[in-house]
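Chains as they are written, first to last, in our numbering: chain H, 618 to 954; chain V, 618 to 954; chain L, 618 to 954; chain B, 618 to 954.
Quick notes on the structure that follows.
There are 4 protein chains.
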Amino acid sequence: MIVIMQKGATEGQIGSVVARIEGSGYRVNISQGEERTVIGIIGDGRPLDREQIGRMDGVERTVPILRPFKLASREMHPQDTVVAVNGVSIGGEQIVVMAGPCSIESREQLLESARAVKEAGATVLRGGAYKPRTSPYSFQGLGEEGLKLLAEARQETGLPVVTEVMEPQLVELVSEYADILQVGARNMQNYALLHAVGEAHKPVLLKRGMMSTIEELLMAAEYILSHDNGDVILCERGIRTFELYTRFTVDISAVPLLKQLSHLPVVVDPSHGTGKWELVEPVSRAAVAAGADGLLVEVHPHPEKALSDGAQSLKPGRFADLMKSLAPLAQAVGRRM
Amino acid sequence: MIVIMQKGATEGQIGSVVARIEGSGYRVNISQGEERTVIGIIGDGRPLDREQIGRMDGVERTVPILRPFKLASREMHPQDTVVAVNGVSIGGEQIVVMAGPCSIESREQLLESARAVKEAGATVLRGGAYKPRTSPYSFQGLGEEGLKLLAEARQETGLPVVTEVMEPQLVELVSEYADILQVGARNMQNYALLHAVGEAHKPVLLKRGMMSTIEELLMAAEYILSHDNGDVILCERGIRTFELYTRFTVDISAVPLLKQLSHLPVVVDPSHGTGKWELVEPVSRAAVAAGADGLLVEVHPHPEKALSDGAQSLKPGRFADLMKSLAPLAQAVGRRM
Amino acid sequence: MIVIMQKGATEGQIGSVVARIEGSGYRVNISQGEERTVIGIIGDGRPLDREQIGRMDGVERTVPILRPFKLASREMHPQDTVVAVNGVSIGGEQIVVMAGPCSIESREQLLESARAVKEAGATVLRGGAYKPRTSPYSFQGLGEEGLKLLAEARQETGLPVVTEVMEPQLVELVSEYADILQVGARNMQNYALLHAVGEAHKPVLLKRGMMSTIEELLMAAEYILSHDNGDVILCERGIRTFELYTRFTVDISAVPLLKQLSHLPVVVDPSHGTGKWELVEPVSRAAVAAGADGLLVEVHPHPEKALSDGAQSLKPGRFADLMKSLAPLAQAVGRRM
Amino acid sequence: MIVIMQKGATEGQIGSVVARIEGSGYRVNISQGEERTVIGIIGDGRPLDREQIGRMDGVERTVPILRPFKLASREMHPQDTVVAVNGVSIGGEQIVVMAGPCSIESREQLLESARAVKEAGATVLRGGAYKPRTSPYSFQGLGEEGLKLLAEARQETGLPVVTEVMEPQLVELVSEYADILQVGARNMQNYALLHAVGEAHKPVLLKRGMMSTIEELLMAAEYILSHDNGDVILCERGIRTFELYTRFTVDISAVPLLKQLSHLPVVVDPSHGTGKWELVEPVSRAAVAAGADGLLVEVHPHPEKALSDGAQSLKPGRFADLMKSLAPLAQAVGRRM
């Protein structure tokens with residue numbers, strides 16, 4: 618950390634800051650500029666609160682030198698993490714496509730979707746049993762009944778399943794059925810939930826909050842990792858901006874940036890990210906080209922009857938076309954489907 | 618709802634949309650324009666999913682006519698809701714100031730703060746026992762120990778207390794100690810938590826998410842109201858924008874807008890909203906002038922030693938000055954402190 | 618400036634950075650941390666490009682110590698600038714209200730507006746002769762004809778006038794008629810225009826861009842000040858965010874922040890800032906309470922017939938009410954109308 | 618347009634709205650709902666100001682049915698526009714890469730860059746002679762001297778050149794040297810400039826403002842098209858969001874969306890869009906995969922000495938690598954380099 622003193626900070630103020638830092642077991646480096654004194658902190662002492670130092674008299678501001686995330690950082694863990702789920706490797710050479718309906722609505726709908734995405738080449742089945750909905754009057758999901766249908770679909774197709782868990786108390790139940798636990802965008806900073814999935818023995822798909830920075834996403838991953846669950850998959854799903862022709866703005870740069878800052882696999886959700894099925898194919902292609910390890914795609918046999926987010930769902934035929942169009946692209950960037 | 622058909626939509630497509638709408642018990646009004654056909658939906662039928670209609674073949678988009686919130690709306694409930702808490706009325710003539718430290722750190726710190734804010738004229742004591750922190754390595758609050766200290770401070774000062782609850786399982790415990798349950802900005806769309814506080818018999822202070830629209834805030838309130846808890850206090854606490862000189866951007870227009878759209882009381886948190894103690898006083902004044910029913914202000918006897926958010930905390934002396942400066946202002950807008 | 622080297626930067630890389638800095642006439646302070654080397658730059662040398670240093674091999678990033686604006690900063694110029702315009706002082710004890718129609722549409726409309734705002738107590742008349750419009754098919758203003766009408770209205774009412782100038786070539790013409798030149802939000806970074814108004818001998822009202830930071834606003838002011846025109850009035854007029862119930866989001870914290878960072882007067886435009894006439898009064902009150910030196914308010918005798926932005930215009934009667942409600946508020950914060 | 622009346626709007630208010638609409642030569646369709654009356658406007662009358670109607674008594678809001686852009690829309694002009702510049706076709710099968718330094722700094726720097734990008738396969742040379750800079754103290758470009766160097770580089774390499782024009786008065790001069798006139802992001806709504814380039818007989822590269830919606834970009838194009846210049850190339854160059862690890866956020870969805878809404882060619886600027894050279898390659902790939910017709914890439918022989926934006930410039934070697942990596946990708950999406 619570096620401490621920048623105000624113009625005109627007194628000797629006494631500088632002395633107090635130095636005393637506080639040295640009192641915590643660090644050394645200081647003092648740089649006396651024409652207008653400002655700058656104090657560098659050196660060595661390895663007891664944890665020092667940057668904010669506290671920032672509030673001392675005469676301090677203008679403090680500048681962190683190190684990133685706040687550790688377990689999630691590539692610096693600490695240079696090689697790629699590959700998450701293994703029932704024979705599927707996420708973060709390796711293969712681009713992993715997780716596909717299926719937004720909400721599980723019925724046995725027929727789920728099984729029809731599962732067969733279709735399996736046939737088209739998807740490697741993981743997605744489907745929501747518990748749904749976060751803006752309105753209390755909207756369909757909230759089938760709950761445990763939905764989880765059972767997921768298990769049946771897995772049984773039939775062999776595809777591992779990913780589904781969202783929305784509260785700490787349900788982590789145990791959802792873990793009985795799911796292969797990957799999804800933490801949704803609205804819950805990215807639900808710390809009790811991060812804690813709970815951190816203690817589950819299941820891979821976690823962590824979606825970036827619509828209002829969250831890349832650093833905050835990595836700090837949320839850090840919560841899970843620090844509870845000893847190393848199998849975290851990061852998901853870019855669009856951030857909120859002023860642009861309204863799309864539901865969210867997919868931050869495509871986040872893909873290479875996350876791969877650079879962290880060792881964790883990165884997938885992209887073009888369905889929620891754009892909110893429009895016509896954009897799912899081009900944005901999926903962009904994600905693969907940018908280096909994503911996988912995609913999360915909504916597929917519904919009858920989007921016009923879907924109980925949630927149908928406007929962004931692909932019909933099975935279009936999904937099959939998408940899968941076909943991705944194969945040469947994956948090859949062009951040294952990956953495979 | 619209005620359905621706008623695409624240019625060139627066929628008779629068959631229009632017919633299907635009409636059939637679907639009429640099949641749900643509504644009448645339609647068809648307006649044939651030069652370029653587009655527009656279908657209006659009239660009457661009172663079974664719930665109709667706007668998204669589903671929007672995905673039918675030939676439909677360009679749909680336009681809602683009514684707001685999605687009902688119980689929270691002023692249209693449904695024209696008179697102001699006044700929330701009564703241990704003799705304090707929130708939403709009435711008096712401007713209510715809830716003050717105290719961000720985190721409860723020790724008995725001495727809390728009691729010293731409580732006495733100071735009481736003496737300066739605050740009417741509610743605030744303090745965090747459970748803290749949502751971006752980093753898993755930061756101080757997470759004293760937990761139940763903090764709740765007990767809050768109860769002691771209430772006992773001594775007579776001030777009702779407000780404190781944050783972060784997970785559904787803790788609602789019962791926190792309710793034993795707190796007079797008002799706070800739902801934090803990061804949890805504004807934690808639906809399990811909204812459900813749980815909706816079933817508690819305590820007033821709820823609901824903070825707007827940093828990236829949530831006014832409509833989403835009212836929909837979150839709707840969740841609580843629809844679980845039969847009518848004592849909801851809305852809190853504007855700053856939204857995330859591109860501006861970085863402040864931690865968040867206080868949306869001052871939200872105050873009169875929320876008062877216009879809803880009957881619920883509205884308070885402003887200038888401490889979190891700006892992140893800088895120097896801005897707390899002018900923004901508090903702005904909030905009162907804009908029509909806020911109250912303020913949430915961080916006060917700490919020694920901000921430079923605070924374990925969280927000290928940079929935005931006022932010292933007791935400055936808080937007393939703020940309270941003095943607000944009195945003539947409240948009077949100028951027909952209120953009182 | 619401070620230069621933070623990458624983890625593992627070599628001696629050679631550090632040496633090159635030091636050589637570059639010393640070669641420009643500065644001294645360095647080297648702080649060798651456990652993980653990173655940090656180089657402080659001391660003294661007064663030739664201008665050093667922070668970006669260039671940032672791209673040298675082994676450099677992780679650079680941190681500026683000083684703010685980039687100088688002439689606009691309060692540090693350089695501690696006392697408030699008061700802009701004098703035909704007997705009106707902007708930035709002094711009096712709150713200055715600039716009112717009138719968005720666009721000048723006709724002689725009758727302008728004179729009727731001018732008389733009304735004068736009678737209600739406004740001190741400056743505003744009105745647009747050249748209008749920036751999103752669509753090429755919208756009314757673009759009366760041009761010079763509008764300027765002549767403004768001069769006539771000034772003649773009759775004695776109010777100085779402010780009007781927008783949109784291109785460098787028109788600065789001379791507009792200066793013949795206007796007392797204050799307005800640079801609109803869309804032109805805040807139109808550097809040719811900033812240059813041109815910097816060379817005019819007229820006060821300039823500089824509106825913050827809808828997506829501009831406070832620092833960028835002050836840098837735009839710096840352009841004008843550096844061309845030797847010291848009479849700049851800053852205007853907060855709302856920034857673009859994800860919130861859509863208002864046209865823009867008025868950044869109320871910007872008012873005290875600008876007053877703290879700069880010596881220039883600060884006014885607020887609640888009409889454009891909110892886009893809704895019902896919000897003009899509460900946001901005007903908030904602006905005055907937050908410390909604004911003035912307001913820019915749209916008033917139109919018949920808003921429902923206005924050729925631009927009528928939705929945010931007050932009728933004369935409401936404007937008179939607003940002026941009345943502001944008087945006690947101004948007094949409550951130690952100002953006067 | 619559709620007019621939604623307020624709950625409780627009177628017969629008289631509805632009558633006035635109908636009279637106004639019919640008075641402009643349209644027919645109406647009135648739909649009487651349970652709670653609201655909705656008025657549809659039919660036929661082809663005189664231009665009707667949506668805002669004006671929106672302000673009439675009893676009106677809640679109005680909803681546009683048609684997009685505001687016409688000449689730029691694909692509906693009006695279904696086939697792709699291909700802009701031809703000295704033998705280069707922009708918007709056809711070939712992906713066009715415009716590369717070169719951000720600022721022209723010297724004859725050597727420009728010629729070295731031009732040769733390098735030509736050799737690597739770029740088809741257009743870019744370089745700034747006039748530079749918009751946030752600070753008045755930064756390098757502002759070589760001006761006409763730079764234009765002459767551009768012409769020399771074109772002479773030598775045969776590459777057509779694109780360069781920015783910042784003010785209407787310079788359009789004629791810049792047109793003498795440039796093959797494509799660039800309108801920068803900060804000037805996207807500089808209407809005098811749009812007017813001037815609309816009257817020039819040169820293709821225009823129009824960059825999306827950092828604060829501009831897709832609709833506003835198309836409206837800016839509409840300005841140019843309506844002045845009879847049909848050769849407009851749209852450029853996505855990143856929008857401003859809360860994310861700070863990148864300078865801007867490239868809105869990748871804008872590429873397919875613009876191609877769908879408009880017939881104009883679309884290029885992407887990953888250099889300005891990310892501000893980091895390490896991200897230029899993956900984001901370039903994403904742009905091509907998403908359907909962009911071209912790229913605008915900064916290349917500088919010595920980025921660490923660049924006078925502007927060096928942090929986002931590629932060295933010639935890396936640019937050559939980028940070009941190589943794009944070839945199979947272009948093929949995978951049915952295009953060629």
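Just so it is clear, CB atoms sit at the ideal spot from N, CA and C, and this is done for glycine as well.
The structure presented is a predicted model; accordingly, all values stated were derived computationally and were not measured.
As assigned by DSSP and simplified to three states, the class of residue i
{"i": "residue 799 of chain V", "result": "strand"}
{"i": "residue 931 of chain H", "result": "strand"}
{"i": "residue 771 of chain L", "result": "helix"}
Continuous alpha helix (DSSP H) stretch holding residue i: start and end
{"i": "residue 630 of chain B", "result": "628 to 640"}
{"i": "residue 788 of chain H", "result": "788 to 794"}
Residue i beta carbon near the ligand SAM (any heavy atom closer than 7 Å)
{"i": "residue 753 of chain B", "result": "Absence of the ligand SAM from the depicted structure is noted, as is the absence of any ligand whatsoever, leaving it without description."}
Contacting residues, own chain, Cβ-Cβ under 8 Å from residue i (five flanking each side not counted)
{"i": "residue 622 of chain B", "result": "630, 631, 634, 653, 654, 655, 656, 675, 676, 677"}
{"i": "residue 790 of chain H", "result": "761, 764"}
{"i": "residue 817 of chain B", "result": "788, 789, 792, 798, 846"}
{"i": "residue 758 of chain H", "result": "720, 721, 745, 746, 747, 748"}
{"i": "residue 670 of chain V", "result": "618, 620, 634, 637, 638, 676, 679"}
{"i": "residue 938 of chain H", "result": "898"}
{"i": "residue 806 of chain L", "result": "826, 829, 833, 837"}
{"i": "residue 812 of chain B", "result": "785, 840, 844"}
Sequence-distant residues of its chain with Cβ nearer than 6 Å to residue i (five each side left out)
{"i": "residue 875 of chain L", "result": "851, 883"}
{"i": "residue 908 of chain L", "result": "872, 873, 876"}
{"i": "residue 900 of chain V", "result": "867, 887, 891"}
{"i": "residue 819 of chain V", "result": "792, 798"}
From the options, residue whose alpha carbon lies closest to that of residue i
{"i": "residue 886 of chain B", "options": "B:866, B:790, B:879, B:877", "result": "B:866"}
{"i": "residue 860 of chain B", "options": "H:710, H:877, H:831, H:879", "result": "H:831"}
{"i": "residue 888 of chain L", "options": "L:707, L:695, L:691, L:718", "result": "L:718"}
{"i": "residue 742 of chain L", "options": "L:951, L:795, L:709, L:842", "result": "L:795"}
{"i": "residue 842 of chain H", "options": "H:808, H:827, H:759", "result": "H:808"}
{"i": "residue 732 of chain H", "options": "H:941, H:802, H:746, H:716", "result": "H:716"}
{"i": "residue 649 of chain H", "options": "H:670, H:896, H:627", "result": "H:627"}
{"i": "residue 932 of chain B", "options": "B:812, B:672, B:708, B:734", "result": "B:734"}
{"i": "residue 879 of chain V", "options": "V:658, V:624, V:913, V:708", "result": "V:708"}
Close beta carbons around residue i, own chain, < 7 Å, minus the five adjacent residues each side
{"i": "residue 838 of chain B", "result": "689, 823, 849, 851, 881"}
{"i": "residue 647 of chain L", "result": "654, 656"}
{"i": "residue 667 of chain L", "result": "618, 679, 681"}
{"i": "residue 662 of chain H", "result": "641, 642, 643"}
Boundaries (first-last residue) of the beta strand (DSSP E) holding residue i
{"i": "residue 659 of chain H", "result": "654 to 659"}
{"i": "residue 717 of chain V", "result": "713 to 717"}
{"i": "residue 784 of chain H", "result": "Run containing residue 784 of chain H: none; DSSP gives neither H nor E here."}
{"i": "residue 620 of chain B", "result": "619 to 622"}
3-residue-minimum beta strand (DSSP E) runs that sit fully inside the stretch 721 to 758 of chain H, ordered along the chain: Fully enclosed beta strand (DSSP E) runs of 3 or longer: 741 to 743.
List in chain order: all unbroken beta strand (DSSP E) runs of 3+ residues lying wholly within the stretch 803 to 853 of chain H. Scanning the stretch 803 to 853 of chain H for uninterrupted beta strand (DSSP E) segments of 3 residues or longer gives 821 to 824, 849 to 853, listed from N- to C-terminal end.
Inside the stretch 843 to 922 of chain B only - alpha helix (DSSP H) runs reaching at least 4 residues: Look at the stretch 843 to 922 of chain B and you find these whole runs of alpha helix (DSSP H), each 4 residues long or longer: 871 to 878, 887 to 891, 894 to 907.
Could you tell me which whole beta strand (DSSP E) segments of length 3 or greater appear in the stretch 647 to 711 of chain L? Here the runs fully enclosed are 654 to 659, 676 to 680, 700 to 702, 705 to 707.
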